[in-house]
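Okay, structure first, notes after.
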Amino acid sequence: MPLCFISIGSNINREHNIRSALDALQATFGSLQNSSIYESSAVGFEGDAFYNLVSVFSCEQEIAYICQHLKTIENNHGRVRSGEKFSSRTLDIDLLLYGQHIIQTKKLTIPHQDILNYAFVLEPLVELAADDLHPVTQVSYAQLWSDFDKSELQQHTVDDVLF
Numbered sequence: 152m153p154l155c156f157i158s159i160g161s162n163i164n165r166e167h168n169i170r171s172a173l174d175a176l177q178a179t180f181g182s183l184q185n186s187s188i189y190e191s192s193a194v195g196f197e198g199d200a201f202y203n204l205v206s207v208f209s210c211e212q213e214i215a216y217i218c219q220h221l222k223t224i225e226n227n228h229g230r231v232r233s234g235e236k237f238s239s240r241t242l243d244i245d246l247l248l249y250g251q252h253i254i255q256t257k258k259l260t261i262p263h264q265d266i267l268n269y270a271f272v273l274e275p276l277v278e279l280a281a282d283d284l285h286p287v288t289q290v291s292y293a294q295l296w297s298d299f300d301k302s303e304l305q306q307h308t309v310d311d312v313l314f
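Heads up: the sequence shown is residues 152 to 314, going by my numbering.
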């Protein structure tokens with residue numbers, strides 16, 4: 152049974168939306184393990200700060216079912232999909248990893264590219280899977296985080312927000 156790692160973020164009614172999303176995920180997939188919650192500045196646009204975290208769960212479902220369910224949870228939380236890549240969001244849930252699978256289609260890339268590009272994804276992932284190897288680079292997430300350019304890092308953990 153593969154482990155599924157997902158990133159969860161919100162900058163609109165963020166505590167409520169993240170808590171509700173975690174409840175919905177647990178209702179469908181069972182027990183979740185969650186990273187700390189990180190507050191980070193909006194990237195690519197001017198907007199309120201985001202709360203971000205990574206969750207992991209074991210899953211027997213096919214990847215198409217998981218992706219559709221994540222999209223349904225976003226939609227149920229009022230997610231608006233505008234033409235803009237970077238914008239405020241009630242909820243953003245992305246499948247980062249599906250076991251050690253490597254998938255490249257027009258609609259899906261696993262492992263998700265955000266792992267290598269954004270601290271708000273990589274740092275919480277390290278909390279849950281520091282010694283695991285990225286399926287493509289074959290480098291541990293701890294090493295990827297150690298090598299990550301933190302010169303413009305604008306995020307911090309947020310104590311006692313949800314857990």
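Every residue gets a Cβ at the ideal spot worked out from N, C-alpha and C, and that includes glycine.
Small disclaimer: the values here were computed from a predicted structure and weren't measured.
Do Leu242 and His263 have their C-beta atoms within less than 8 Å of each other?
no
Measure from the alpha carbon of Glu190 to the alpha carbon of each residue in Gln255, Glu213 and Val272, then state which is nearest.
Val272
Can you give me the Cβ contacts of Phe299 inside the same chain, cut-off strictly under 7 Å, excluding the 5 residues immediately before and after it?
Ala270 and Leu273
Provide the residue span of the beta strand (DSSP E) that contains Gln306, from first to last.
Gln306 to Thr308
Reducing DSSP to helix, strand and coil, say where Cys155 ends up.
strand
Assumed close pair Phe156, Val207 - CB separation to whole angstroms, cut-off 8 Å:
5 Å
So if DSSP puts Gly250 in a beta bridge, which residue, or which two residues, is it bridged to?
DSSP lists no partner for Gly250.
Inter-residue CB distance, Ser192 and Asp265 (contact presumed, cutoff 8 Å)
With a Cβ gap of about 16 Å, Ser192 and Asp265 do not count as contacting.
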